[in-house]
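Enquirer: Sharing a structure here in structure tokens format.
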Amino acid sequence: MANINKVAIVGGTHGNEYSGIYLLRQWQKHAESVNRPSFDTTLLMANPHAYENNTRYVDSDLNRQFLLHLLQDEGLNNTEQRLAKQINQQLGPRGQASTDLIIDLHNTTSNMGPSLILLQSDEFNLRMAGYLKMQMPEAVIVMEVDVPLEKQPYLCAIAQQGVIVEIGPQPQSVLRHDVLDWMQTMTMHLLDYVELYNTHSLPDLPDVIEAFTYTETLKLPEDEHGERLGMVHRNVQDRDFQPVQPGEPIIALFDGGEICWHGDYEAYPHFINEAAYYDNNLAMSMAKKISLPIP
Ligand SMILES: [Zn+2]
Numbered sequence: 130m131a132n133i134n135k136v137a138i139v140g141g142t143h144g145n146e147y148s149g150i151y152l153l154r155q156w157q158k159h160a161e162s163v164n165r166p167s168f169d170t171t172l173l174m175a176n177p178h179a180y181e182n183n184t185r186y187v188d189s190d191l192n193r194q195f196l197l198h199l200l201q202d203e204g205l206n207n208t209e210q211r212l213a214k215q216i217n218q219q220l221g222p223r224g225q226a227s228t229d230l231i232i233d234l235h236n237t238t239s240n241m242g243p244s245l246i247l248l249q250s251d252e253f254n255l256r257m258a259g260y261l262k263m264q265m266p267e268a269v270i271v272m273e274v275d276v277p278l279e280k281q282p283y284l285c286a287i288a289q290q291g292v293i294v295e296i297g298p299q300p301q302s303v304l305r306h307d308v309l310d311w312m313q314t315m316t317m318h319l320l321d322y323v324e325l326y327n328t329h330s331l332p333d334l335p336d337v338i339e340a341f342t343y344t345e346t347l348k349l350p351e352d353e354h355g356e357r358l359g360m361v362h363r364n365v366q367d368r369d370f371q372p373v374q375p376g377e378p379i380i381a382l383f384d385g386g387e388i389c390w391h392g393d394y395e396a397y398p399h400f401i402n403e404a405a406y407y408d409n410n411l412a413m414s415m416a417k418k419i420s421l422p423i424p
């Protein structure tokens, strides 16, 4: 792959995820912390309207608006649909983007720790994961590679390379010191990685790292009127990336019953009880733990 010449760090894609928003303000005052000799860094506050309203979004989730057919549809013009088109002009356009790498900063209310979500498993991404695990062993690598990049609706997918920094647990519209520090540390390692990659100066990387690969998303049970019938079971609450065996309870029903994990594999739930997913009635995402070879 060619060198990375332009990097964009994006915060506030969701207006109530505060770590990225506050880090951007610091970096705007101290540009030297995000600049590296071999590439240019742009900082972008993605959804200031949502931030002003102290909410995730105004009309619809900005981070689901970046599929090519949505960006090209002039009939779509609510707040986030307009923003998506603007951002696509600024950092993209998708398919021939002027930005080589987008690092999109997010918080989760789930207890996911410092997670890095990769959307591709090419050499650039795998080496990034290997480098990050070496520098920051507590980092969690999540592979969301079940669909190709061009079918990912995320903001960071408009560039050739895009990753999501996803750090929690942090309530919406709150700052936590530990979470902010993790985000700052991870972002600095990612920038350092790009610099080392560009200058062919990467250190020896581990042969294999632990990672999690996304498999499916589970919904909360509803009755025929769409009324919720249960909640996330205490057996899994706050236990993101801890194994769940087939037959173990994952949902507690309000009538006293429970729903057990009925997959045929040892699952590693994450985004467990994420507050932002209640509007879609999602309970958690599932992953498998893998040993990821680093090229
Ligand atoms: Zn987010």
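Take the working numbering: the final residue in the sequence shown is number 424, and no numbers are missing along the way.
Beta carbons are placed, not taken as given, at the ideal position from N, Cα and C, and that holds for glycine.
These figures come from a predicted structure and were not determined experimentally.
Consult DSSP for Ser148 and reduce its assignment to one of helix, strand or coil.
Expert: Here residue 148 refers to the residue found at position 19 of the sequence shown. Ser148: helix per DSSP, three-state reduction.
Enquirer: Using a Cβ-based criterion (distance less than 7 Å to any ligand heavy atom), does Asn192 qualify as near ligand 2?
Expert: Absent from the structure shown: ligand 2. Ligands present: ligand 1.
Enquirer: Flag Glu146 as yes when its Cβ comes closer than 7 Å to any non-hydrogen atom of ligand 1, and as no otherwise.
Expert: Walking along the sequence shown from the start, residue 146 turns up at place 17. Checking the Cβ of Glu146 against ligand 1 gives yes.
Enquirer: Quick one: what does DSSP say Tyr322 is sitting in, helix, strand or coil?
Expert: Residue 322 sits at position 193 when you count from the first residue of the sequence shown. It is helical.
Enquirer: Mind reading off the beta-carbon distance from Asn176 to Thr142? Whole number of angstroms is fine, and I expect it under 8 Å.
Expert: By one-based count along the sequence shown, residue 176 stands at place 47. By one-based count along the sequence shown, residue 142 stands at place 13. With a Cβ gap of about 6 Å, Asn176 and Thr142 count as contacting.
Enquirer: Just to confirm the assignment: which complete beta strand (DSSP E) runs, minimum length 3, are found wholly within the region 146 to 182?
Expert: Taking only runs of at least 3 residues, the beta strand (DSSP E) segments lying wholly in the region 146 to 182 are 169 to 174.
Enquirer: Nearest to Gly242 by alpha carbon, out of Asp367, His391, Pro277 and Ala404?
Expert: Residue mapping note: residue 242 aligns to position 113 of the sequence shown, counting from 1. Looking at the Cα atoms, Asp367 is the closest of the given residues.
Enquirer: Verify the contact flag: His143, CB atom, against every heavy atom of ligand 1, threshold strictly below 7 Å.
Expert: Along the sequence shown, one-based indexing puts residue 143 at 14. His143: yes, Cβ under 7 Å from ligand 1.
Enquirer: Examine the Cβ distances between the region 192 to 207 and the region 281 to 292 and report whether three or more of them are shorter than 8 Å.
Expert: Yes, the region 192 to 207 touches the region 281 to 292.
Enquirer: If Phe168 sits next to Val323, beta carbons under 8 Å apart, how far is it from one beta carbon to the other, in whole angstroms?
Expert: For this step, residue 168 is matched to residue 39 along the sequence shown. For this step, residue 323 is matched to residue 194 along the sequence shown. Phe168 to Val323, Cβ: 6 Å. Contact.
Enquirer: Does the region 210 to 221 come close enough to the region 244 to 254 to have 3 or more Cβ pairs within less than 8 Å?
Expert: In short, these stretches do not touch, since the Cβ pair count stays below three.
Enquirer: Can you tell me whether Ala179 is buried or exposed? The criterion is at least 16 other CB atoms within 10 Å of its CB, across all chains shown.
Expert: The residue you call residue 179 lines up with position 50 of the sequence shown. Buried is the call here.
Enquirer: Assuming Pro298 and Asn240 make a contact with CB atoms under 8 Å, what is their CB distance in whole Å?
Expert: Against the sequence shown, residue 298 aligns to sequence position 169. Against the sequence shown, residue 240 aligns to sequence position 111. Right, their Cβ atoms sit about 4 Å apart.
Enquirer: With 16 as the cutoff for other CB atoms within 10 Å, does Arg185 come out buried or exposed?
Expert: Start at 1 with the first residue of the sequence shown, and residue 185 comes out as number 56. Burial call: buried.
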